[in-house]
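Colleague: What follows is a single structure, and I will ask about it in a moment.
There are 2 protein chains.
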Amino acid sequence: MQRYFPILDWGRTYRRATLGNDLLAALIVTIMLIPQSLAYALLAGLPAQVGLYASIAPLLLYTVFGTARALAVGPVAVASLMTAAAVAPLAAEGSAAYLGAAVALAFLSGLLLLAMGLLRLGFMANFISHPVISGFITASGLLIAAGQIPQLAGLSVRGETLPDLVIAITEKLPQASLITLLIGLPVLAFLFWTRSRLKGTLMRLGQSAKLAGVMTRAAPVVAVAATTLASWGFGLSGRVPVVGEIPGGLPVPVLPPFDLALWKQILVPAALISLVGYVETISVAQTLAAKRRQRIDPDQELVALGVANIGSAVSGGFPVTGGFARSVVNFDAGAETPAAGAFTAIGMALATLFLTPLLFHLPKATLAATIIVAVLSLVDFGALRRTLAYSRSDFAAMLATILVTLVAGVEAGISAGVALSIGLHLWRSSRPHVAVVGQVPGTEHFRNVARHNVVTAPGILSIRIDESLYFPNARFLEDRLLEALAEQPGLRHVVLICAAVNVIDSSALETLEDMNARLKDGGVSLHLSEVKGPVMDKLARSPFLHELTGQVFLTQYDAMIALAPEVTQTCHDAARCETARAAR
Amino acid sequence: MQRYFPILDWGRTYRRATLGNDLLAALIVTIMLIPQSLAYALLAGLPAQVGLYASIAPLLLYTVFGTARALAVGPVAVASLMTAAAVAPLAAEGSAAYLGAAVALAFLSGLLLLAMGLLRLGFMANFISHPVISGFITASGLLIAAGQIPQLAGLSVRGETLPDLVIAITEKLPQASLITLLIGLPVLAFLFWTRSRLKGTLMRLGQSAKLAGVMTRAAPVVAVAATTLASWGFGLSGRVPVVGEIPGGLPVPVLPPFDLALWKQILVPAALISLVGYVETISVAQTLAAKRRQRIDPDQELVALGVANIGSAVSGGFPVTGGFARSVVNFDAGAETPAAGAFTAIGMALATLFLTPLLFHLPKATLAATIIVAVLSLVDFGALRRTLAYSRSDFAAMLATILVTLVAGVEAGISAGVALSIGLHLWRSSRPHVAVVGQVPGTEHFRNVARHNVVTAPGILSIRIDESLYFPNARFLEDRLLEALAEQPGLRHVVLICAAVNVIDSSALETLEDMNARLKDGGVSLHLSEVKGPVMDKLARSPFLHELTGQVFLTQYDAMIALAPEVTQTCHDAARCETARAAR
Chain A
1 MQRYFPILDW GRTYRRATLG NDLLAALIVT IMLIPQSLAY ALLAGLPAQV
51 GLYASIAPLL LYTVFGTARA LAVGPVAVAS LMTAAAVAPL AAEGSAAYLG
101 AAVALAFLSG LLLLAMGLLR LGFMANFISH PVISGFITAS GLLIAAGQIP
151 QLAGLSVRGE TLPDLVIAIT EKLPQASLIT LLIGLPVLAF LFWTRSRLKG
201 TLMRLGQSAK LAGVMTRAAP VVAVAATTLA SWGFGLSGRV PVVGEIPGGL
251 PVPVLPPFDL ALWKQILVPA ALISLVGYVE TISVAQTLAA KRRQRIDPDQ
301 ELVALGVANI GSAVSGGFPV TGGFARSVVN FDAGAETPAA GAFTAIGMAL
351 ATLFLTPLLF HLPKATLAAT IIVAVLSLVD FGALRRTLAY SRSDFAAMLA
401 TILVTLVAGV EAGISAGVAL SIGLHLWRSS RPHVAVVGQV PGTEHFRNVA
451 RHNVVTAPGI LSIRIDESLY FPNARFLEDR LLEALAEQPG LRHVVLICAA
501 VNVIDSSALE TLEDMNARLK DGGVSLHLSE VKGPVMDKLA RSPFLHELTG
551 QVFLTQYDAM IALAPEVTQT CHDAARCETA RAAR
Chain B
1 MQRYFPILDW GRTYRRATLG NDLLAALIVT IMLIPQSLAY ALLAGLPAQV
51 GLYASIAPLL LYTVFGTARA LAVGPVAVAS LMTAAAVAPL AAEGSAAYLG
101 AAVALAFLSG LLLLAMGLLR LGFMANFISH PVISGFITAS GLLIAAGQIP
151 QLAGLSVRGE TLPDLVIAIT EKLPQASLIT LLIGLPVLAF LFWTRSRLKG
201 TLMRLGQSAK LAGVMTRAAP VVAVAATTLA SWGFGLSGRV PVVGEIPGGL
251 PVPVLPPFDL ALWKQILVPA ALISLVGYVE TISVAQTLAA KRRQRIDPDQ
301 ELVALGVANI GSAVSGGFPV TGGFARSVVN FDAGAETPAA GAFTAIGMAL
351 ATLFLTPLLF HLPKATLAAT IIVAVLSLVD FGALRRTLAY SRSDFAAMLA
401 TILVTLVAGV EAGISAGVAL SIGLHLWRSS RPHVAVVGQV PGTEHFRNVA
451 RHNVVTAPGI LSIRIDESLY FPNARFLEDR LLEALAEQPG LRHVVLICAA
501 VNVIDSSALE TLEDMNARLK DGGVSLHLSE VKGPVMDKLA RSPFLHELTG
551 QVFLTQYDAM IALAPEVTQT CHDAARCETA RAAR
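Protein chains in written order, with the numbering used here: chain A, 1 to 584; chain B, 1 to 584.
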């Protein structure tokens with residue numbers, strides 16, 4: 001029971017001090033979330049109030065089902081972009097069908113997440129590698145920023161790829177509104193300045209770090225209030241795009257459209273949004289939990305996110321996930337339990353009830369500026385350089401993810417990244433590193449003859465294969481062994497060192513059986529050494545060990561003692577070994 | 001030049017003795033190929049002569065480009081079934097569009113194979129594991145046999161899946177022709193008997209093994225001749241389906257239809273036929289080459305198969321590949337060079353020129369019987385049992401391939417098999433085997449504490465992870481280390497034994513950096529031991545080694561000597577070790 005309702009766990013020990021901390025954190029997150037929820041709804045092509053709706057029920061539900069103490073769920077930039085990409089081909093923006101599809105997307109994502117959680121499939125998120133996630137987030141941030149920049153000039157531009165956006169912007173450029181630009185650009189500059197400088201300035205002026213942080217986070221609210229006042233005071237609403245009429249009142253429960261054809265069309269996007277959202281959620285949740293030595297349950301997080309998305313759909317919202325920046329703010333502000341999320345939901349409900357009339361005159365350019373500043377913090381080109389320095393294949397996966405996302409859209413980008421990283425892994429393991437080894441003088445240790453000063457015995461080939469033996473490399477092993485045989489005519493024994501062999505699958509077993517028979521024909525015995533327990537257990541269930549012409553040794557040292565005792569024992573005494581080598 | 005034209009290599013040393021052997025093998029293969037080529041063309045839904053055409057140009061071209069000495073290319077059962085499955089949805093059987101699509105399929109397959117060969121992508125075939133191939137061949141054999149059985153009763157049944165076939169057969173059953181059955185069943189019984197018994201009987205009667213083999217292979221020709229004579233003699237051609245008019249003369253070179261929409265539709269089937277055909281070809285070619293200690297060039301085989309398929313298309317044929325049974329016959333009959341293939345092509349050309357009028361009265365039921373007997377030898381249910389005994393995940397991949405092929409068709413089957421075997425591999429490597437190890441008394445060797453009688457030192461956790469560290473298992477390692485830490489409060493050192501770690505990718509590197517920092521916070525040092533050269537080279541390019549709180553040791557023994565010298569040295573002397581343990 002407690003596993004599926006973690007609230008029963010932390011709720012039991014809930015105290016007044018915790019309440020105070022949670023309330024303060026909720027206040028700060030609410031202030032941050034009001035402009036964000038409106039902005040991300042517009043980014044997804046939806047009416048502004050949908051963002052508010054998606055910030056109430058999901059937060060309440062996550063409080064009941066979530067295991068991460070400081071995670072803040074709600075609308076986020078990347079999921080909003082993916083929602084727009086998924087729904088735009090299906091219906092005209094602004095139509096009831098568009099909203100219906102977005103709601104159905106949240107519902108289906110929720111069902112998928114819930115099912116994955118109940119089936120304990122949390123491990124699937126691991127198949128998206130860090131370089132692919134990093135590249136995807138960077139490219140998404142660029143796409144979002146590129147789509148919002150023209151909004152600073154009052155232009156509404158849609159496009160799922162960078163080329164689309166560039167063409168759309170070029171076409172609309174003549175319609176740019178100077179007066180909108182006079183609002184948008186200063187807001188953008190103000191937000192960049194507050195983000196990079198305000199906290200330091202306030203602290204130099206003697207404010208505490210905490211208060212300075214809160215004031216910095218409140219900067220978007222200041223921008224919203226100031227530009228709304230300006231727009232109202234100067235009567236700009238006819239000349240500058242504004243948010244306009246937002247229906248007041250709390251969301252009314254609705255059911256998503258049950259249209260099988262629609263669900264089929266959104267199945268793949270829903271799966272991708274779920275997976276990407278889950279990866280983002282679990283990353284931030286684990287990072288924050290680790291800071292306080294807490295643990296989260298990855299499978300229960302799937303359940304919690306699933307229920308939150310279903311809740312979002314039923315209350316007329318769109319896909320939600322755990323936001324990175326917002327969760328960090330929640331954590332820094334002192335949130336101790338998921339109750340902070342419930343308090344934020346109450347704050348958002350109050351905003352929905354009482355603030356919406358005040359937002360009529362809010363310029364859309366202000367919201368665009370808040371989005372641009374938020375997403376550009378996600379863009380991390382330095383990761384490309386760091387990854388290239390470490391691994392070319394990881395770099396290739398990251399670069400491909402970025403380029404495909406920019407040129408062909410978010411769904412193609414994440415799919416290509418995952419496929420490429422898996423493909424590169426398979427390709428790499430299909431051509432494993434193979435080392436011929438010899439004994440390190442004075443030890444029982446064996447190392448690569450090409451890298452270390454080691455001793456080998458004549459007529460014996462000790463070969464270490466640095467990969468599990470399985471279908472992608474089964475034939476490779478055969479080729480390498482035959483090559484080695486061709487080079488050493490006087491060979492009598494081949495010892496295959498299996499210290500790095502974690503699995504031998506059926507394909508590789510067939511290859512080993514073939515090799516054993518072929519070596520036998522050539523008068524060469526095949527031995528194995530350092531075979532691991534689980535691998536040995538499996539081999540014992542096949543006829544291979546009976547057919548093996550040689551032996552299976554516990555260690556490579558045992559093998560060499562059995563096959564070439566003089567060389568090996570001499571070499572074990574380093575001094576004698578050196579003398580013996582000098583004498584040869 | 002010799003790389004792309006292997007004929008320049010073996011042709012240079014071609015002698016008269018070789019010529020004799022190649023001619024005899026060609027004669028035997030031609031006798032076998034005449035009924036097969038007609039039968040497989042009908043199986044693919046094509047006119048009989050298309051099978052003859054596909055047995056001329058491809059064989060000549062393979063002689064020029066192939067590296068396998070005894071491989072016999074031409075129409076084969078599985079590729080014919082896949083052709084029918086690919087083309088049937090696009091055009092009505094018997095129409096010019098159907099033939100055009102089959103020709104285009106051969107052309108596109110040829111281009112794909114050629115491109116893969118020139119790009120040296122032969123390794124891609126390794127991604128189809130042996131269990132998947134075996135399951136696919138078994139299921140294809142069953143599908144083909146199921147489709148041919150009703151033809152014994154004069155019923156023409158088409159269906160891409162087992163359920164389709166069962167429904168179609170049930171519907172047509174009332175139209176069964178008794179007289180056709182009176183031809184089909186005896187032929188079937190005769191062919192089964194010759195395949196299983198004739199060779200032994202002949203050898204008991206004093207014939208040489210070689211001659212008995214040849215006579216056995218000629219049994220289908222005997223059946224063809226006898227039933228054709230019977231059908232002609234009794235004037236059955238109105239009541240029994242016969243092959244009928246076959247246009248005489250050699251094929252006229254044509255170009256395949258260049259219709260972009262068509263090519264798009266057949267792209268995936270062409271890729272699958274290419275891959276499956278290549279895998280079958282390379283398997284038989286390597287098996288036969290190994291028997292004579294010859295080597296083949298897998299990438300050049302792609303080129304050769306590609307050119308052969310383009311040749312087939314241009315001469316009005318359909319996809320060809322290296323046939324398993326036919327190549328074994330060619331090899332057994334003494335074929336020494338690819339020239340045997342050219343001689344077979346000449347034999348088939350002569351048959352096309354002079355034999356076609358004689359085949360008018362050949363009952364189709366006879367051809368169906370030859371197909372059934374041929375494909376049932378491909379069905380190997382024993383492989384399921386053998387694979388289950390060895391590996392459950394390989395068994396799962398094999399069973400899934402069989403079931404999906406039978407229920408959803410050949411393309412779905414092979415795709416599902418490949419996806420599942422890759423998925424299972426990733427899943428398995430996402431949950432690697434992890435062992436806590438201790439020293440084997442009297443040695444420098446370290447083994448799993450759960451399996452061996454070993455010695456450990458207090459405050460030191462030596463943990464061996466039996467898998468490369470990469471994205472699918474990066475988080476798993478973190479979980480296991482944190483678990484181990486929670487269980488051992490007095491811990492001071494963690495040694496990660498990397499003997500089985502063949503790669504550390506960027507995702508795992510991030511995890512290691514996190515772990516290093518977290519262990520540091522807890523006052524625990526992280527050490528590595530037995531890191532392989534290539535892994536160490538990469539780590540040296542990252543900041544990780546500078547941040548590492550512990551050391552990197554060449555061997556686990558070195559690590560333990562440095563961290564717990566008394567325990568380790570005592571243990572190295574087995575007798576003293578036992579005393580020390582008894583004293584504790």
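Glycine included, every Cβ here is placed at the ideal spot set by N, Cα and C.
1) Does Ala77 (chain B) come within less than 7 Å of chain A when only Cβ atoms are used?
2) Taking a contact to mean a Cβ-Cβ separation below 7 Å, would you say Val73 (chain A) touches Ile7 (chain A) in this structure?
3) Select from B:Ala145, B:Gly238, B:Leu305 the residue whose C-alpha is nearest the C-alpha of Ser177 (chain B).
4) Could you spell out the range, first to last residue, of the alpha helix (DSSP H) harbouring Ala435 (chain A)?
5) When Cβ atoms are compared, which residues of the stretch 409-425 of chain B fall closer than 8 Å to chain A?
6) Check whether the stretch 471-486 of chain B touches the stretch 122-139 of chain A, taking contact to mean three or more Cβ pairs, one atom from each stretch, closer than 8 Å.
7) Could you tell me if the beta carbon of Leu485 (chain A) falls within a distance shorter than 6 Å of some heavy atom in the ligand MG?
8) For Phe331 (chain A), collect the residues of the same chain with a Cβ closer than 7 Å to its Cβ; drop the 5 residues on either side in sequence, then sort them by chain order.
9) Report the option in A:Leu27, A:Ala139, A:Leu181 whose CA atom is closest to the CA atom of Gln151 (chain A).
10) Just to check my reading of the structure: Leu362 (chain B) and Val240 (chain B) have Cβ atoms closer than 8 Å, yes? What is that Cβ distance to the nearest angstrom?
11) May I ask you to report which of helix, strand or coil DSSP gives Val535 (chain A)?
12) Using alpha carbons as the reference points, say which of B:Ser377, B:Phe471, B:Met32, B:Leu236 lies closest to Arg431 (chain B).
13) Over the uninterrupted beta strand (DSSP E) stretch that includes Asn502 (chain A), give me the two end residues.
14) Please report the straight-line C-alpha distance between Val328 (chain A) and Leu113 (chain A), rounded to a whole angstrom.
15) Excluding the five sequence neighbours on either side, which residues of its own chain have a C-beta within less than 6 Å of the C-beta of Arg584 (chain A), listed in chain order?
16) How would you list, in chain order, the residues of chain B whose beta-carbon sits under 7 Å from the beta-carbon of Thr401 (chain A)?
17) When we look at the beta-carbon of Arg326 (chain B) and count the other beta-carbons within 10 Å, is it buried (16 or more) or exposed?
18) Going by C-alpha distance, which of B:Thr13, B:Leu33, B:Gln49, B:Ala17 is nearest Glu245 (chain B)?
19) Please name the residue or residues paired with Phe476 (chain B) in a DSSP beta bridge.
20) What residues in its chain sit with their C-beta under 6 Å from that of Gln551 (chain A), if we drop five residues either side in the sequence?
21) Does any CB atom of chain B fall closer than 7 Å to the CB of Ser506 (chain A)?
22) Taking 8 Å as the cut-off, does the stretch 219-235 of chain A touch the stretch 335-348 of chain A (at least 3 CB pairs, one atom from each stretch)?
23) Looking only at its chain, what residues have a beta carbon closer than 6 Å to the beta carbon of Leu592 (chain B), apart from the 5 residues adjacent to it on each side?
24) For a quick check, are the C-beta atoms of Ile372 (chain A) and Gln148 (chain A) less than 7 Å apart?
25) Are the C-beta atoms of Leu526 (chain B) and some chain A residue less than 7 Å apart?
26) Could you run through the stretch 531-543 of chain B and flag, in chain order, every residue whose CB is less than 7 Å away from some CB of chain A?
27) Could you check where the alpha helix (DSSP H) with Ser619 (chain B) kicks off and where it finishes?
28) Determine, using beta carbons only, whether Gly605 (chain B) and Thr161 (chain B) come nearer to each other than 7 Å.
29) Write down the C-beta distance between Leu143 (chain B) and Thr405 (chain B) rounded to the nearest angstrom, noting that I regard them as a contact closer than 8 Å.
30) Between Arg386 (chain A) and Ala540 (chain A), what straight-line distance do the alpha-carbon atoms span, to the nearest angstrom?
31) Unbroken alpha helix (DSSP H) runs of length 4 or more, entirely within the stretch 380-416 of chain A: which are they?
32) Kindly indicate which residue of A:Arg217, A:Ala88, A:Gly523 has the alpha-carbon position closest to the one of Leu548 (chain A).
33) Do you know how far the Cα of Val436 (chain B) is from the Cα of Arg195 (chain B)?
34) What does a CB cutoff of less than 7 Å around Ala412 (chain A) pick up in its chain, not counting 5 residues either side in sequence?
35) Taking Cβ positions only, does Thr387 (chain B) come closer than 7 Å to chain A?
36) Quick check on Asn502 (chain B): buried or exposed, where buried means 16 or more other Cβ atoms within 10 Å of its Cβ?
Modeller: Looking at the atomic coordinates:
1) Along the second sequence, one-based indexing puts residue 77 (chain B) at 77. Cβ-Cβ to chain A under 7 Å: no for Ala77 (chain B).
2) By one-based count along the first sequence, residue 73 (chain A) stands at place 73. By one-based count along the first sequence, residue 7 (chain A) stands at place 7. Not closer than 7 Å, so no.
3) Residue numbering aside, residue 177 (chain B) sits at position 177 when the second sequence is read from its first letter. Closest option to Ser177 (chain B), Cα to Cα, is B:Gly238.
4) Residue mapping note: residue 435 (chain A) aligns to position 435 of the first sequence, counting from 1. Unbroken run through Ala435 (chain A) is the beta strand (DSSP E), 434-439; no alpha helix (DSSP H).
5) Ser421, Ile422, His425
6) yes
7) This structure does not include the ligand MG; it has no bound ligands of any sort.
8) On the first sequence, position 331 is the one that residue 331 (chain A) refers to. For Phe331 (chain A), where only same-chain residues beyond five positions count, the Cβ hits under 7 Å are Ala70, Leu288.
9) Counting from 1 along the first sequence, the entry for residue 151 (chain A) is found at position 151. Checking every option, the nearest Cα to that of Gln151 (chain A) belongs to A:Leu181.
10) As a position in the second sequence, residue 362 (chain B) is number 362, starting the count at 1. As a position in the second sequence, residue 240 (chain B) is number 240, starting the count at 1. Actually they are not in contact, since the Cβ atoms of Leu362 (chain B) and Val240 (chain B) sit about 10 Å apart, beyond 8 Å.
11) As a position in the first sequence, residue 535 (chain A) is number 535, starting the count at 1. DSSP places Val535 (chain A) in helix when its eight states are reduced to three.
12) Along the second sequence, read from residue 1 onward, the residue named residue 431 (chain B) stands at position 431. It is B:Phe471 whose Cα lies nearest to the Cα of Arg431 (chain B).
13) Counting from 1 along the first sequence, the entry for residue 502 (chain A) is found at position 502. From DSSP, Asn502 (chain A) is part of no beta strand (DSSP E); its letter is neither H nor E.
14) Working through the first sequence from its first residue, we reach residue 328 (chain A) at position 328. Working through the first sequence from its first residue, we reach residue 113 (chain A) at position 113. Spanning the two alpha carbons is a distance of roughly 23 Å.
15) In the first sequence, the residue the question calls residue 584 (chain A) occupies position 584. At Arg584 (chain A), the pLDDT of 48 sits below 50, so the modelled position is not reliable; the number obtained from the coordinates is stated separately. Within the same chain, Arg584 (chain A) has no close Cβ partners at all.
16) Counted from its first residue, the first sequence places residue 401 (chain A) at position 401. None at all; the shortest Cβ gap to chain B is about 13 Å.
17) As a working note, residue 326 (chain B) is residue 326 in the second sequence. Burial call: buried.
18) Working through the second sequence from its first residue, we reach residue 245 (chain B) at position 245. When only C-alpha atoms are compared, the closest one is B:Gln49.
19) For the purposes of this step, residue 476 (chain B) is identified with residue 476 of the second sequence, where counting begins at 1. Answer is none; Phe476 (chain B) lacks a bridge partner.
20) As a working note, residue 551 (chain A) is residue 551 in the first sequence. Taken in chain order, the residues that qualify are His527.
21) Taking the first sequence and counting its residues from 1, the one referred to as residue 506 (chain A) is at position 506. Chain B contact via Cβ: present.
22) no
23) Since the first residue shown for chain B is 1 and the last is 584, residue 592 (chain B) is missing from the structure and cannot be characterised.
24) Locating residue 372 (chain A) in the first sequence gives position 372, counting from the first residue. Locating residue 148 (chain A) in the first sequence gives position 148, counting from the first residue. Going by C-beta atoms, Ile372 (chain A) is nearer than 7 Å to Gln148 (chain A).
25) In the second sequence, counting from the first residue as 1, residue 526 (chain B) sits at position 526. Judged by the 7 Å Cβ criterion, Leu526 (chain B) is not in contact with chain A.
26) Lys532, Gly533, Pro534, Lys538, Arg541, Ser542
27) What the structure shows of chain B is the stretch from 1 to 584, and residue 619 (chain B) is not part of that stretch, so it cannot be assessed.
28) Since the first residue of chain B shown is 1 and the last is 584, residue 605 (chain B) is not available in this structure.
29) Reading the second sequence from its first residue, position 143 is the one you call residue 143 (chain B). Reading the second sequence from its first residue, position 405 is the one you call residue 405 (chain B). The pair is a contact, with the Cβ atoms about 7 Å apart (cut-off 8 Å).
30) Indexing the first sequence from 1 puts residue 386 (chain A) at position 386. Indexing the first sequence from 1 puts residue 540 (chain A) at position 540. If I take the Cα positions, the gap works out to 45 Å.
31) 382-390, 392-408
32) If you number the first sequence from 1, residue 548 (chain A) lands on position 548. Comparing Cα-Cα distances from Leu548 (chain A) to each of A:Arg217, A:Ala88, A:Gly523, the minimum goes to A:Gly523.
33) Numbered from its first residue, the second sequence carries residue 195 (chain B) at position 195. Numbered from its first residue, the second sequence carries residue 436 (chain B) at position 436. Cα to Cα, Arg195 (chain B) sits roughly 57 Å from Val436 (chain B).
34) The residue you call residue 412 (chain A) lines up with position 412 of the first sequence. The answer, listed in chain order, is Val404.
35) Taking the first residue of the second sequence as 1, we reach residue 387 (chain B) at position 387. Closer than 7 Å: yes.
36) The count along the second sequence starts at 1 and reaches residue 502 (chain B) at position 502. With 16 or more Cβ atoms within 10 Å of its Cβ, Asn502 (chain B) is classed as buried.
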